[in-house]
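All residue numbers for the sequence shown refer to my numbering, where the first residue is 24 and numbers rise by one. For every residue, glycine included, the Cβ atom is placed at its ideal position computed from N, Cα and C. Shown next, in structure tokens, is the structure this report addresses.
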Amino acid sequence: MKLKLTNIRIPVSANPNVKNAVCQQFHIRHEDVQDFKIVRQAIDARKKNKVMFDYQVAVTLPDNYKSLLEKDGVSEYKEPVQLQYPEWKDDLRPVVVGFGPSGMFAALYLARCHAKPIILERGGKIEDRKRAVADFLYTKTLNPNSNVQFGEGGAGTFSDGKLNTNVHSEYNDFVLQEFYKHGAHEDVTYMQNPHVGTDYLEKVVRNIRLEIESLGGEFHFNTVFTDFKKQDEVLELFCEPALKIKTHHVLLGLGHSARDTIKRLYERGMEMEAKPFSMGVRIEHQQRRINRMQYGDAARILPPASYKGVVHLEDRSVYTFCMCPGGTVMASTNDPETIVTNGMSERNRDKANSNSALLVNVNPDDYLKDNPLDGLDYQEKYERLAFQVAGDYRAPGNLVGEFLQGKVAERYRSVKPSYPHGVCFCDLHRCLPDYVVDSLKKALPLFDRKMPGFADPDAVLTGVETRSSSPVRMVRGDDRMCSVKGIYPIGEGAGYAGGIMSAAIDGLKTAIFLSFQQ
24 MKLKLTNIRI PVSANPNVKN AVCQQFHIRH EDVQDFKIVR QAIDARKKNK
74 VMFDYQVAVT LPDNYKSLLE KDGVSEYKEP VQLQYPEWKD DLRPVVVGFG
124 PSGMFAALYL ARCHAKPIIL ERGGKIEDRK RAVADFLYTK TLNPNSNVQF
174 GEGGAGTFSD GKLNTNVHSE YNDFVLQEFY KHGAHEDVTY MQNPHVGTDY
224 LEKVVRNIRL EIESLGGEFH FNTVFTDFKK QDEVLELFCE PALKIKTHHV
274 LLGLGHSARD TIKRLYERGM EMEAKPFSMG VRIEHQQRRI NRMQYGDAAR
324 ILPPASYKGV VHLEDRSVYT FCMCPGGTVM ASTNDPETIV TNGMSERNRD
374 KANSNSALLV NVNPDDYLKD NPLDGLDYQE KYERLAFQVA GDYRAPGNLV
424 GEFLQGKVAE RYRSVKPSYP HGVCFCDLHR CLPDYVVDSL KKALPLFDRK
474 MPGFADPDAV LTGVETRSSS PVRMVRGDDR MCSVKGIYPI GEGAGYAGGI
524 MSAAIDGLKT AIFLSFQQ
């Protein structure tokens, strides 16, 4: 029989032999353990003088251990869902637009159904995309179609590769296992807050593409989906450079930065609605200070610490998002003469600073005039204002100390900004809405009460962070189809996900639904 055992706590000062701890806690003989697997590992640092590892394990035991089921923390282990791959029957191949997390997992599933999907990606292959990103970071030469936002792997490829999610889905384990099978470290399958790392994501994304190609999938990189027409049940897609494709099914994983395509689809009659999103800055601390803040003395033997927090004000919420331990603040725009920030960490998270988005919720009432796409223009307005602060690709910013005093810092102190083009200190009212700046000022001291040291006067605020989620939702029905029959919006750009995991699951669920409904 296979059991799930929980509440296995081991002091971090010990060399954690999890199997020994399990056998001792549950009075199991070592020789009776037929199979043993860690299914979850977390760090409990609520008591800084007694930081603990917290484990859940799956263990296979002889039937004479059935009495264990009567104990707290013991249950029968439920195996992760095993997907079925029905044979694709349609005479036309499905088309997946965008090879970010949603498109990637949709295409992978369809390929295993022998659908031979056609994948359109406006950016380049990962190796070409890396060169384009490097060109922008080092020479400020921007390729609008292949950059941190666009290209093989999507925007998440140049991030921390975090695989944690608030989505409780039966497909979570499947997605994590696929990341591991395609090149991520095994611990992504069991860590409480798993992350792949930008350097490993490159390998994962390439390997998923190679599997899809081996099953007959067809990729068109540097190809922008621009328009479509519908005749009877057939959709004809038009792309640049010149390419036409006929299909019955389009899985639309555009990402939230494909503003030109989103606007064109709205003009062509696709129903869309405005939705809330967020705006703010990146806050950057010395990583060693965050380690000490989170772990106390145990920081010397633990991996780089992360944090997550939220403050509810009278009329707004301010929260941290996409926290990148030991990482860098990225120049993430895809439009000339705009500033967009994001965060990135490699697998080892070994850079000097940590950074996190510090965001304020933006409601449709804040920007909606007469068009559900007004949020796209609202984002772009502040991204262009951010560029105008310095007149080049330096990012607007300030230090927390001066920001809270209503002043502008003259130079950085103990925290050296990691933004590759440099930071131009300014009054952040120049490039963010007043309510965002005012909410950040109110929230920082409140965060500091929860996490002493968070409002470090030397911490760097770098703007602007505008692309944490889409301000538009492409309306779809229970059949996961939008108002245009045959088009299935998926992922973050469609307004149905927020992060790598939730986007991957959304694309996967749509591909599964489509495969079983054909």
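Buried/exposed call for residue i, threshold 16 Cβ in 10 Å
i	result
VAL304	buried
LEU455	buried
ILE324	exposed
ALA297	buried
PHE248	buried
ASP502	exposed
GLN402	buried
PHE539	exposed
LEU186	buried
GLU263	exposed
ARG372	buried
SER506	exposed
LEU233	exposed
ASN72	exposed
TYR376	Before going further, note that residue 376 is Asn rather than Tyr in the sequence given. That one is buried.
SER240	Correcting the residue identity first, residue 240 is Gly in this sequence and not Ser. Answer is buried; the Cβ neighbour count reaches 16.
Residue i vs residue j beta-carbon contact at 8 Å
i	j	result
GLY592	SER125	Nothing can be reported for residue 592: it is not among the residues displayed for the chain, which extend from 24 to 541.
TYR318	VAL74	yes
VAL156	PHE181	yes
ILE528	TYR194	yes
ILE523	GLY174	no
THR343	GLY332	yes
VAL190	PHE202	no
LEU484	ILE306	yes
ARG490	GLY518	no
HIS308	ASP479	yes
ASP388	ARG436	no
LEU275	VAL120	yes
LEU238	VAL118	no
LEU131	ILE235	yes
ILE61	LEU84	no
TYR24	LYS89	Position check: residue 24 holds Met in this sequence, whereas Tyr was assumed. Contact flag set, yes.
HIS279	GLY530	no
PHE244	VAL104	no
Distance, residue j Cα to residue i Cα
i	j	result
ILE535	LYS392	38 Å
GLY414	ARG63	48 Å
ASN216	TYR289	37 Å
CYS345	LEU165	24 Å
ALA65	TYR330	13 Å
PHE300	VAL446	25 Å
ARG315	LYS374	16 Å
ARG434	LEU266	51 Å
ILE510	VAL385	28 Å
ASP250	THR284	8 Å
LYS473	SER340	15 Å
ARG291	VAL228	32 Å
LEU106	PRO359	43 Å
VAL334	PHE470	7 Å
GLN428	LYS465	12 Å
THR221	MET367	7 Å
ALA328	ASN378	11 Å
LEU463	GLU102	44 Å
ILE31	ASN87	22 Å
VAL352	ASN170	15 Å
LEU382	TYR458	12 Å
Inter-residue CB distance, residue i and residue j (contact presumed, cutoff 8 Å)
i	j	result
VAL56	VAL80	Incorrect: roughly 10 Å between the Cβ atoms, too far for contact.
ALA380	VAL487	About 10 Å separates the two Cβ atoms, so there is no contact after all.
Residue i - containing beta strand (DSSP E), residue span
i	result
ARG32	25 to 34
ILE141	141 to 143
THR365	The sequence shown places Asn at residue 365, not Thr. Counting along the chain, the beta strand (DSSP E) containing ASN365 begins and ends at 364 to 367.
PHE251	247 to 254
ALA380	376 to 385
PRO468	Not the beta strand (DSSP E): PRO468 falls in the alpha helix (DSSP H), residues 457 to 473.
LYS60	58 to 67
TYR342	340 to 347
GLY303	300 to 309
ARG496	495 to 497
Residue i - containing alpha helix (DSSP H), residue span
i	result
GLN428	423 to 428
TYR519	That residue, TYR519, is in no alpha helix (DSSP H); it is neither H nor E in DSSP.
ALA134	124 to 135
PHE244	Taken as a continuous stretch (DSSP letters only), PHE244 belongs to no alpha helix (DSSP H), as it is neither H nor E.
GLY398	397 to 413
TYR78	Note, TYR78: premise wrong, no alpha helix (DSSP H); beta strand (DSSP E) at 75 to 83.
ARG154	149 to 162
ILE235	221 to 237
THR284	282 to 290
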